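Notes follow the structure.
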Amino acid sequence: MNAYNFAFLDEQTKRMIRRAILKAVAIPGYQVPFGSREMPLSYGWGTGGVQVTASVIGPDDVLKVIDQGADDTTNAVSIRRFFERTTGVRTTTRTDAASLIQTRHRIPETPLAAGQIVVFQVPIPEPLRWLEPRETETRKMHALEEYGVMHVRLYEDITRHGHVETAYDYPVLVNGRYIMRPSPIPKFDNPKLDRNPALLLFGAGREKRIYAVPPFTSVRSLDFEDHPFTIEHWDQTCALCGAADVFMDEIVVDDKGGRMFVCSDTDFCERRRGR
Amino acid sequence: MLLVEGLHKTFTLHTQGGIQLPVLRGVDLAVYPGECVALTDPSGSGKSTLLRAIYANYRPQRGRILVSHAGGKVDMVEAGPRDLLAVRRLTIGYVSQFLRVIPRVPALDVVIEPLRAFGVARDEALERGRALLARLRIPERLWSLSPVTFSGGEQQRVNLARGFVADFPILLLDEPTASLDVASRALVVELIRDALARRTAIVGAFHDAEVREALATRTVTLHGAGAAA
Amino acid sequence: MDADRPLLRARGVTRYYGARVGCRDVGLDLWPGEVLGIVGESGSGKTTLLGCLSGRLEPSAGTVEFTGRDGTVVDVLRMPEPALRKLARTDWGIVHQNPRDGLRLGVSAGANVGERLMALGARHYGRIRATAFDWLGRVEIDRERIDDWPETFSSGMQQRLQIARTLVTEPRLVFMDEPTGGLDVSVQARLLDLLRRLVTDLGLSAVIVTHDLAVTRLLAHRLLVMRGGEVVESGLTDQVLDDPQHPYTQLLVSSVLQP
Chain A
498 MNAYNFAFLD EQTKRMIRRA ILKAVAIPGY QVPFGSREMP LSYGWGTGGV QVTASVIGPD
558 DVLKVIDQGA DDTTNAVSIR RFFERTTGVR TTTRTDAASL IQTRHRIPET PLAAGQIVVF
618 QVPIPEPLRW LEPRETETRK MHALEEYGVM HVRLYEDITR HGHVETAYDY PVLVNGRYIM
678 RPSPIPKFDN PKLDRNPALL LFGAGREKRI YAVPPFTSVR SLDFEDHPFT IEHWDQTCAL
738 CGAADVFMDE IVVDDKGGRM FVCSDTDFCE RRRGR
Chain B
394 MLLVEGLHKT FTLHTQGGIQ LPVLRGVDLA VYPGECVALT DPSGSGKSTL LRAIYANYRP
454 QRGRILVSHA GGKVDMVEAG PRDLLAVRRL TIGYVSQFLR VIPRVPALDV VIEPLRAFGV
514 ARDEALERGR ALLARLRIPE RLWSLSPVTF SGGEQQRVNL ARGFVADFPI LLLDEPTASL
574 DVASRALVVE LIRDALARRT AIVGAFHDAE VREALATRTV TLHGAGAAA
Chain C
2 MDADRPLLRA RGVTRYYGAR VGCRDVGLDL WPGEVLGIVG ESGSGKTTLL GCLSGRLEPS
62 AGTVEFTGRD GTVVDVLRMP EPALRKLART DWGIVHQNPR DGLRLGVSAG ANVGERLMAL
122 GARHYGRIRA TAFDWLGRVE IDRERIDDWP ETFSSGMQQR LQIARTLVTE PRLVFMDEPT
182 GGLDVSVQAR LLDLLRRLVT DLGLSAVIVT HDLAVTRLLA HRLLVMRGGE VVESGLTDQV
242 LDDPQHPYTQ LLVSSVLQP
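Residue numbers (my numbering), protein chains in the order written: chain A, 498 to 772; chain B, 394 to 622; chain C, 2 to 260.
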């Protein structure tokens, strides 16, 4: 693989992205623009996450890649192989063995430790975009903390559905200052963002933004006093490992409507089963 | 209470080639509390103009109109809008010849508006308004209706109620009994007498000789080149 | 408190559009509880003046000062933008001629009214909703429509919703640009009555730009008559309308059709 630089990106690009990351870490939740490069995967498939990972990964890192909690979906496998081929670093499926975890749509169930980095793939970074299409205006709103409209969104949900309908990518307030979209993780995972010992990095390739939540930063999900934030619950436990209080996938097993619930985090489930 | 000195008012009609109509030529007048000064000129001689000028509705070209207000004196000719509005709110009441009717506002609300501007609480204002309308024999069923559909006499009585509800120290009355029948006129005379007993200073144009005789403590003719006290 | 300083003071406000005069050398003092009408025909400069007074247009010259609730005086034209935007959301209100410019069409009426409260930190859904409910009643919109979108409202209702949305934070000064423009006559009348009541009940001050003298007669205590960017006459509303001095004012007043 001499044709490619370590981790595919040239060193200048990595430097540019690392500068953006440093800025993002210095201003938790603030979206830093960066010069997103053309990657060998289309927009919408994790180009932002891949660029962030490529910029921070080093030869001694151990990489885990998950998609919807699983290490073995097509996307997770493709991205892991991409890094294997362009860096040669060790990869793993075990959350506690990884130093660097790239994820789409979930945070691992296994608690993270200080020193770990999680890279999230973000489709739309701007939480105010639903209301305000103009980038010039949303930047001003963030700068001036004009966030009343985010609660308007929640208000509308409660009015229409009796509760906040948003089930994933649920907006949060980071470090008491910036409102952020945590990427399409289920709201079940939002509490894990709060004061997490790991460094959380977010990359949006198409929208060209990077943001970050440094370790042990406060992250609060938006809510109303009389409609506090709640997470999903299942009556069932995992059919494979028996875990309760985890995020579960519902799998249809036959054409008579039979279904079973299993942990979405495959590594977590396997380890509980002793594999 | 009220002192008019050397008042001149001329209307210039620019839309009609700039014709000038001098109406007041050097009017002097002094009015004291408890006095009722009746202006006795024939129609069109400027009685309304003088009353309106005192109220600062018309703007004189020359002269002074001094009014005792809030412990001091305000010149209605020179004063700024803020002071004029304050004088109208607290010191001078004006009953015009015609009620300017705003549709959809109930008669009772029209009547109590000066009290509300004075700062009186709504409940108390309503009570006083009702009492006055009753005194002027406006039927209760009309109180919540807009005066738009009232007869001339009824409208005028609403107008009067509005003028008398707030106990202004100075009252300007422009033909207050014009569209009223005999019975109503008597009521109004009573009302004015009560105001005079409260030491209100009144200047009025009274077309009806009987009313004039009943009320005026002094009569004044504006023309003959300026009035004498 | 209000004895010494006007709520809004403007001096020498001038705005050029290239070589064209928008408005020139306009001064005014507005005290709490006063409604000032600015009348003139199209091109008179009244909308330009309103823009300059509310900090949305930058004048070529002049000063505009506003006295805040705590008595501090702010220079509107030199305020940093964040402070101006905050002022516009709290102590000030703006009622646009076209209600659609002042509403969020894609959210419910209740959310529209509650937004300013939420922007100021209100975090209790029940109380926000109750306040919105109350205000809809005050502006005579059927309260049952609290969850409807403004797009389903008639233009008169939209305008009243805009007013509710603006007044919910009880601003001290409201700027209105032709608030009854484009409405049917009967709808106008109703809206004017509402504005009159609200101005009195809330002790609002307002600057109302209009070309319609009937609106000023009903709402304004004082009047500025503008023509060609200049103020040609000013005074109490009844003074200006009953005893107009300037030839243009006389023309304007005599042109009004009496029904």
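In this text, a Cβ means the ideal position worked out from N, Cα and C, and glycines have one as well. The structure presented is a predicted model; accordingly, all values stated were derived computationally and were not measured.
Going straight from the alpha carbon of Gly41(C) to that of His212(C), what length do you get?
-> In the third sequence, the residue the question calls residue 41(C) occupies position 40. In the third sequence, the residue the question calls residue 212(C) occupies position 211. Each residue's Cα considered, the two are about 5 Å apart.
If you draw a straight line from the C-alpha of Asp742(A) to the C-alpha of Cys760(A), how long is it?
-> Within the first sequence, the letter at position 245 stands for residue 742(A). Within the first sequence, the letter at position 263 stands for residue 760(A). Cα to Cα, Asp742(A) sits roughly 10 Å from Cys760(A).
From what residue to what residue does the alpha helix (DSSP H) around Ile531(B) run?
-> Stepping through the second sequence from its first residue, residue 531(B) is reached at position 138. That residue, Ile531(B), is in no alpha helix (DSSP H); it is neither H nor E in DSSP.
Are the segment 112-123 of chain C and the segment 666-675 of chain A in contact at 8 Å, needing three or more beta carbon pairs?
-> Output reads no: the segment 666-675 of chain A does not touch the segment 112-123 of chain C.
Residue interval of the alpha helix (DSSP H) (run including Tyr249(C)) | Residue mapping note: residue 249(C) aligns to position 248 of the third sequence, counting from 1. It spans 248-256 - the alpha helix (DSSP H) in which Tyr249(C) sits, taken as one unbroken run.
Whole angstroms is fine: what's the gap from Ala449(B)'s alpha carbon to Leu88(C)'s?
-> Mapped onto the second sequence, residue 449(B) falls at position 56. Mapped onto the third sequence, residue 88(C) falls at position 87. So the two alpha carbons sit approximately 36 Å from each other.
Below 9 Å between beta carbons is the criterion; list the residues of the segment 640-666 of chain A that meet it against any residue of chain C, in chain order.
-> Legend: CB atoms of the segment 640-666 of chain A lying less than 9 Å from CB atoms of chain C belong to residues Ala640, Leu641, Glu642, Glu643, Tyr644, Gly645, Val646, Met647, His648, Val649, Arg650, Leu651, Tyr652, Glu653, Ile655, Thr656, Arg657.
For Ile585(B), which residues of its own chain have a beta-carbon under 6 Å away from its beta-carbon, when the five flanking residues on both sides are left out?
-> Numbered from its first residue, the second sequence carries residue 585(B) at position 192. The answer, listed in chain order, is Leu608.
Which two residues bound the contiguous beta strand (DSSP E) that contains His462(B)?
-> Reading the second sequence from its first residue, position 69 is the one you call residue 462(B). Annotation for His462(B): the continuous beta strand (DSSP E) segment containing it runs 455-462.
Beta-carbon gap between Glu428(B) and Ala594(B) smaller than 8 Å = Here residue 428(B) is taken as the residue at index 35 of the second sequence, counted from 1. Here residue 594(B) is taken as the residue at index 201 of the second sequence, counted from 1. Cβ atoms of Glu428(B) and Ala594(B): closer than 8 Å.
So which residues on chain C does Glu508(A) lean against when the C-beta distance must stay under 8 Å?
-> As a working mapping, residue 508(A) is identified with position 11 in the first sequence. For Glu508(A), there are no C-beta contacts with chain C under 8 Å, since the nearest C-beta of that chain is about 39 Å from it.
So which residues on chain B does Thr306(C) lean against when the C-beta distance must stay under 7 Å?
-> As shown, chain C starts at 2 and ends at 260. That puts residue 306(C) outside it, with no answer to give.
Which of the residues in the segment 235-258 of chain C, read from start to end, lie with their CB under 7 Å from any CB of chain B?
-> Interface annotation for the segment 235-258 of chain C against chain B: Gly236, Leu237, Asp239, Gln240, Asp243, Asp244, Gln246, Pro248, Gln251, Leu252, Ser255, criterion Cβ-Cβ distance under 7 Å.
For Lys511(A), the first and last residue of its enclosing alpha helix (DSSP H) = In the first sequence, residue 511(A) corresponds to position 14, counting from 1. Run containing Lys511(A): 508-523, per the alpha helix (DSSP H) assignment.
Cβ atoms of Arg161(C) and Glu141(C): under 8 Å apart, would you say?
-> To locate residue 141(C), count along the third sequence from 1; it is residue 140. To locate residue 161(C), count along the third sequence from 1; it is residue 160. Arg161(C) sits close to Glu141(C), with the two beta carbons spaced by under 8 Å.
Would you kindly report the start and end of the unbroken beta strand (DSSP E) that includes Glu606(B)?
-> In the second sequence, counting from the first residue as 1, residue 606(B) sits at position 213. It is not in any beta strand (DSSP E) - Glu606(B) instead sits in the alpha helix (DSSP H) that spans 602-608.
Leaving aside the five residues before and after Leu690(A) along the sequence, list all residues of the same chain whose C-beta is less than 8 Å from its C-beta, in chain order.
-> Within the first sequence, residue 690(A) is the residue found at index 193, counting from 1. Answer for Leu690(A): Ile604, Val669, Pro679, Leu697, Val710, Val716, listed in chain order.
Opening and closing residue of the beta strand (DSSP E) in which Leu566(B) lies | Here residue 566(B) refers to the residue found at position 173 of the second sequence. Per DSSP, Leu566(B) belongs to the beta strand (DSSP E) from 563-567.
Of all Cβ atoms in chain B, is any one closer than 8 Å to the Cβ of Asp92(C)?
-> Taking the third sequence and counting its residues from 1, the one referred to as residue 92(C) is at position 91. Output row for Asp92(C): interface = no.
Would you tell me roughly how many angstroms separate the C-alpha atoms of Arg578(A) and Pro681(A), rounded to the nearest one?
-> By one-based count along the first sequence, residue 578(A) stands at place 81. By one-based count along the first sequence, residue 681(A) stands at place 184. Each residue's Cα considered, the two are about 23 Å apart.
Per-residue DSSP class, three states only, for Leu519(B) | Indexing the second sequence from 1 puts residue 519(B) at position 126. Looking at Leu519(B) - three-state DSSP - the assignment turns out to be helix.
Is Asp26(C) helix, strand or coil by DSSP?
-> Within the third sequence, residue 26(C) is the residue found at index 25, counting from 1. Asp26(C): strand per DSSP, three-state reduction.
Taking only the alpha-carbon atoms, compute the straight-line gap between Ala618(B) and Gln163(C) and give it to the nearest angstrom.
-> In the second sequence, counting from the first residue as 1, residue 618(B) sits at position 225. In the third sequence, counting from the first residue as 1, residue 163(C) sits at position 162. Confidence in Ala618(B) is poor, its pLDDT being 41 and thus under 50, which makes the residue's placement unreliable; the coordinate value appears in the next sentence. C-alpha separation (whole angstroms): 57 Å.
Spell out a yes or no on whether the segment 25-36 of chain C and the segment 199-218 of chain C are touching, meaning 3 or more CB-CB pairs, one atom from each, closer than 8 Å.
-> A contact is defined here as three or more CB-CB pairs under 8 Å, and the segment 25-36 of chain C meets this definition with respect to the segment 199-218 of chain C.
Can Arg10(C) be considered in contact with the ligand COA, in the sense that its beta carbon sits closer than 7 Å to one or more heavy atoms?
-> Looking for the ligand COA in the displayed structure turns up nothing, as the structure carries no ligands at all.
Could you have a look at Pro683(A) and say whether DSSP puts it in helix, strand or coil?
-> Residue 683(A) sits at position 186 when you count from the first residue of the first sequence. Strand at Pro683(A).
By a C-beta neighbour count over all protein chains shown, 10 Å radius and 16 as the cutoff for buried, is Leu641(A) buried or exposed?
-> Counting from 1 along the first sequence, the entry for residue 641(A) is found at position 144. Under this definition Leu641(A) is an exposed residue.
Taking only the alpha-carbon atoms, compute the straight-line gap between Ile412(B) and Phe404(B) and give it to the nearest angstrom.
-> For the purposes of this step, residue 412(B) is identified with residue 19 of the second sequence, where counting begins at 1. For the purposes of this step, residue 404(B) is identified with residue 11 of the second sequence, where counting begins at 1. Straight-line Cα distance between these residues: approximately 8 Å.
How would you call Tyr249(C), buried or exposed, if buried means at least 16 neighbouring beta carbons within 10 angstroms?
-> As a first step, residue 249(C) is located in the third sequence; it is residue number 248 there, counting from the start. Tyr249(C) is buried by the Cβ-count criterion.
Check whether the Cβ of Val488(B) lies closer than 8 Å to any Cβ atom in chain C.
-> Taking the first residue of the second sequence as position 1, residue 488(B) is located at position 95. No, no contact with chain C.
Which chain B residues are close to Asp265(C), counting only those with a beta carbon under 9 Å from its beta carbon?
-> Residue 265(C) lies beyond the range of chain C shown here (2 to 260); nothing can be said about it.
Who pairs with Ser206(C) in a beta bridge, going by DSSP?
-> For this step, residue 206(C) is matched to residue 205 along the third sequence. Ser206(C) has Leu174(C) as its beta-bridge partners, per DSSP.
Chain C within 8 Å of Glu632(A), Cβ atoms only = On the first sequence, position 135 is the one that residue 632(A) refers to. Closer than 8 Å: no.
Using the beta-carbon of each residue, which ones in chain B are nearer than 8 Å to Ala215(C)?
-> Mapped onto the third sequence, residue 215(C) falls at position 214. Those do not exist, as Ala215(C) stays about 10 Å from chain B at its closest Cβ, beyond 8 Å.
Give, in chain order, every residue of the segment 76-107 of chain C whose Cβ lies closer than 9 Å to some Cβ of chain A.
-> For the segment 76-107 of chain C, which is checked against every Cβ of chain A, the residues closer than 9 Å are Glu82, Pro83, Arg86, Lys87, Arg90, Arg105, Gly107.
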